[in-house]
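Quick note on this note's numbering: the sequence shown kicks off at 136 and runs consecutively. For glycine and all other residues, C-beta sits at the position ideal for the given N, C-alpha and C. Scroll down for the structure; my scribbles are underneath it.
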Amino acid sequence: MQRARMFVWSKLSAAQWMDAWEERFAGNPNLAIEIIKGGKSVRVQVYCNTRKEADAIVEQWGGSVRPLASDWHKKEVPLPRPIKVRDVFLVTGESKPKELAKIRKEHAGREIISIPPEMAFGTGDHATTSTCLRLLVDIARERKGADWTVADLGTGTGLLAIAARKLGSGEAYACDFDPFAVKVAIENLERNGVDGVDVKEQDILKWKPRKKGYDVVLANIFSTVLIQAWPVIAKSVAPGGDLIVSGILASQAWDVFTAAAANGLGFTQVIRKGKWVTARGGRMEDLVKE
136 MQRARMFVWS
146 KLSAAQWMDA
156 WEERFAGNPN
166 LAIEIIKGGK
176 SVRVQVYCNT
186 RKEADAIVEQ
196 WGGSVRPLAS
206 DWHKKEVPLP
216 RPIKVRDVFL
226 VTGESKPKEL
236 AKIRKEHAGR
246 EIISIPPEMA
256 FGTGDHATTS
266 TCLRLLVDIA
276 RERKGADWTV
286 ADLGTGTGLL
296 AIAARKLGSG
306 EAYACDFDPF
316 AVKVAIENLE
326 RNGVDGVDVK
336 EQDILKWKPR
346 KKGYDVVLAN
356 IFSTVLIQAW
366 PVIAKSVAPG
376 GDLIVSGILA
386 SQAWDVFTAA
396 AANGLGFTQV
406 IRKGKWVTAR
416 GGRMEDLVKE
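Here it is in structure tokens:
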């Protein structure tokens with residue numbers, strides 16, 4: 136099936152404004168920010184389904200629009216820097232077998248996860264994703280020897296679901312509202328030899344989680360969506376379950392946590408990296424038990 140033509144809005148900016156651009160487009164999964172050689176400038180890009188959508192961004196922020204080449208998916212994309220997670224994982228954008236074999240040899244004590252750069256969110260190099268991974272490793276160690284299930288909401292590239300399975304999770308569910316992200320996640324699961332993950336195209340606001348919930352729920356979703364999704368997320372956390380949330384701008388964290396508390400959820404660990412906040416918690420009734 137032929138892919139529908141897309142358009143790219145882009146604008147050059149000083150690197151000092153990178154966080155501001157992330158805030159302006161918070162909630163848009165098709166934002167990409169490339170640091171230009173030398174580190175003083177960045178290229179901000181937003182991939183759009185229609186020319187009208189791209190032109191609307193130009194009207195607000197300036198910049199330019201170009202059609203995306205039909206063979207964009209075949210072109211080389213700069214690899215994100217590899218990320219080490221605790222003493223367990225190394226997440227790399229490399230996908231070539233020869234290069235991966237070299238990486239595995241150089242990092243023999245680590246599990247290698249290959250996530251080639253795509254337009255889907257979650258390659259591991261963003262502060263929110265890398266912090267989620269570290270907290271997930273901590274939870275898996277605490278649950279070692281037990282059977283635990285996991286739900287990865289807003290899975291993007293599928294990275295968190297892949298990591299959970301490699302850490303020993305049982306039944307796993309992953310979803311994203313973007314059909315392209317779902318396709319990418321399935322490809323990445325196969326690429327990393329991971330099975331046992333049920334991947335669905337799903338709007339989290341319309342999701343009906345199973346009654347027994349999941350032992351570990353991961354939601355790397357922008358603040359505005361999180362606030363709306365708390366009633367659904369609260370139903371998805373099993374009794375005694377762990378919850379990791381991210382994608383939260385520090386300026387919006389108070390509103391996010393207040394809305395969570397109104398739905399019976401609380402947090403015992405909050406981590407800030409730059410403009411972004413990640414938190415670990417669970418059901419309030421579990422957190423206050425003696």
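Problem set entry | Cut-off 6 Å between Cβ atoms - residues of its own chain near R239, not counting five sequence neighbours on either side | I247
Exercise. If we ignore side chains and look at the alpha-carbon of each, how far apart do I406 and L295 end up?
Worked result: 18 Å
Problem set entry | Nearest-angstrom Cα separation, counted from V226 out to V367 | 30 Å
Exercise. Going by other Cβ atoms of all chains shown within 10 Å of its Cβ, with 16 needed for buried, is T185 buried or exposed?
Worked result: exposed
Exercise. How many Å lie between M254 and V181 at the Cα?
Worked result: Interpretation of M254 is limited by its pLDDT of 46, a score under 50 that renders its predicted location unreliable; no figure is taken from the coordinates.
Exercise. Is the distance from the Cβ of F402 to the Cβ of A414 below 8 Å?
Worked result: yes
Exercise. Which residues share a DSSP beta bridge with F224?
Worked result: V220, E246
Problem set entry | Cross-strand partners of F315 (DSSP beta bridge) | According to DSSP, F315 bridges with nothing at all.
Problem set entry | V351 - partner residues in DSSP beta bridges | V285, D377
Problem set entry | Close Cβ partners of V372 (< 8 Å) along its chain, the five nearest in sequence each way excluded | G348, Y349, V352, L378, L400, G417, R418
Problem set entry | Of the listed residues H242, S249, M141, nearest to V329 (C-alpha basis) | S249
Exercise. If you check the beta carbons only, do L288 and I339 fall under 8 Å apart?
Worked result: yes
Exercise. Would you call A397 buried or exposed, if buried means 16 or more other Cβ atoms sit within 10 Å of its Cβ?
Worked result: exposed
Problem set entry | Local Cβ density within 10 Å of D311, reported as buried at 16 or more and exposed below that | buried
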